[in-house]
Structure formats: C-alpha cells, structure tokens
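> Residue numbers (UniProt numbering): 1 to 142. One structure, as structure tokens, below. Some questions next.
Okay, here's the thing in structure tokens:
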C-alpha cells in the first residue's frame, strides 16, 4: 500500500509539472523517477486517482480540472513578492479561485486569503512561491 501511495504522489507531481498525453508518456516519466511500472499498473493508477483528460488532451487531476477551468477563465495576473503570490482575478472571481487553489493543495502553498478580485497565497519559501506561480501560469495556458 505504501509503495502505491508513493507512486500516486509521484504521478501527481508529474501531472502537475509536465504535459502528459498518453499512458506511455506517464510510464516514461515514472521510469525517469525510478519507478518501473507495467501498463496495467499505470492504467489502474489512472482509474484509482480519477485522472481525467483536459480539452487539450492532457491528463489532469480531478481537483485541478475545476481549478484549471477557473484559472483559465478568471485569472488575469500572477505576481511573486518574496514568499507571497498575488493573483488578480476579474471582479468577484477571487473567492472561487481561492477555494479551488486550497482544494488542489499545490505543493509549496500553505494557504490563501481572498478578497473580491485579489488572492494572496502564502508559500513555504520564496523558491516555493516561484513554483506555485509557475503552476498557476501553466493552468492559465492549458
């Protein structure tokens, strides 16, 4: 069970950091991370984790599907200031995007605070803030 959970954590990281279109792409990424998996194992993992394909054909985590849709439709700007990320949305969009960001548990993000059109995200470190900004920017462009 522990090995499967570790593999699922690695798959989450791969899906968040790379554009993965096929099970073969995922298998190659897993192998690069030190996990040799059969196609049947990868297929089971995809089902267990509830991975879905975006409109563009990339695998996404189910919690990020909603986040991706919201970010691509509502987020206007993303900026880093130290260990904080400031996200500007269209008027009234911050609360929904903030809730989706919290639910997605982006690595390095500690939590969010939302106003009407601005979200403040606290990150673990300035380096983590840059990674969170990149993750949000990737979601904007998918």
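Backbone N, C-alpha and C fix where the C-beta goes; we use that ideal spot for every residue, glycine too.
When the Cα atoms are used, what is the spatial distance from residue 95 to residue 4?
Computed Cα separation, rounded: 34 Å.
> Mark residue 38 as exposed unless 16 or more other C-beta atoms lie within 10 angstroms of its C-beta, in which case mark it buried.
Under this definition residue 38 is an exposed residue.
> Which word fits residue 34, buried or exposed, when buried means at least 16 other C-beta atoms lie within 10 angstroms of its C-beta?
Per the 10 Å Cβ criterion, exposed.
> Residues in the same chain with beta-carbon distance under 8 Å from residue 43, minus the five sequence neighbours each way, listed in chain order, please.
Excluding positions up to five away in sequence, the list reads 23.
> What is the rounded straight-line gap between the Cα of residue 100 and the Cα of residue 36?
Between residue 100 and residue 36, the C-alpha separation is close to 33 Å.
> If you follow the alpha helix (DSSP H) that residue 132 is part of, which residue opens it and which one closes it?
First-last of the alpha helix (DSSP H) with residue 132: 126-141.
> Do residue 98 and residue 117 have their C-beta atoms within less than 7 Å of each other?
Contact: no.
> Would a check of beta-carbon distances place residue 46 closer than 7 Å to chain D?
Absence of chain D from the displayed structure is noted, only one protein chain being present.
> Which whole-angstrom value describes the C-beta separation of residue 80 and residue 129, a residue pair presumed to lie in contact below a C-beta threshold of 8 Å?
Contact holds; Cβ gap of about 5 Å.
> Assuming residue 30 and residue 72 make a contact with CB atoms under 8 Å, what is their CB distance in whole Å?
Wrong, their Cβ atoms sit about 27 Å apart, outside the cutoff.
> Please state the DSSP three-state secondary structure of residue 110.
Strand at residue 110.
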